[in-house]
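Chemist:
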Amino acid sequence: MAFSRGYNLLKMVDEFGEPLTLKKKTTAGTYDPTTGTVTGSATTDYSFTGYFYNYDQGIIADFDQIRRSNRKCVIPALGLAVEPDDEDQVIGSGDTVNIVSVVTIFSNGTKVCFLCDVRE
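Straight run, no breaks: the sequence shown in the working numbering ends on number 140.
(1) Using a threshold of 8 Å, state whether the C-beta atoms of F72 and S121 are closer than that.
(2) So for E38, helix, strand or coil by DSSP?
(3) Do R139 and N90 count as a contact pair if the criterion is CB distance below 8 Å?
(4) List the whole-angstrom C-beta distance separating K45 from E107, where the pair is believed to meet the contact cut-off of C-beta under 8 Å.
(5) May I ask which residues mark the beginning and end of the beta strand (DSSP E) holding L135?
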């Protein structure tokens with residue numbers, strides 16, 4: 021019997037997950053072109069149990085895009101009040117990482133989890 025990708029990812033969270041925090045940007049703020057800074061931005065923290073793992077990207081054609089510490093983070097969708105996106109951060113495991121892309125995993129039309137590429 022084969023199981024779905026979402027099921028396997030959630031099993032990894034169940035067995036090896038750890039408490040993490042999703043720091044979600046809730047207000048973008050205002051950019052000041054004279055100073056080059058953003059003011060008035062705000063974030064909200066959401067606690068969840070997630071799972072980090074390393075992965076190999078294989079051969080990358082554009083060597084300018086190579087970064088250290090490429091990892092994936094599995095974020096369960098059930099019970100999480102928001103969806104992560106590429107402006108958010110994940111805090112835990114002794115560091116803070118930036119989400120660079122998000123793939124939503126569905127099972128029978130229901131969101132099961134989010135598979136995020138993260139970098140330091």
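Where is the CB? At the ideal position from N, CA and C, for every residue including glycine.
Computed from a prediction, not measured in an experiment: that's the story for all the values here.
Modeler: Taking the coordinates as given:
(1) no
(2) strand
(3) yes
(4) 5 Å
(5) 130-139
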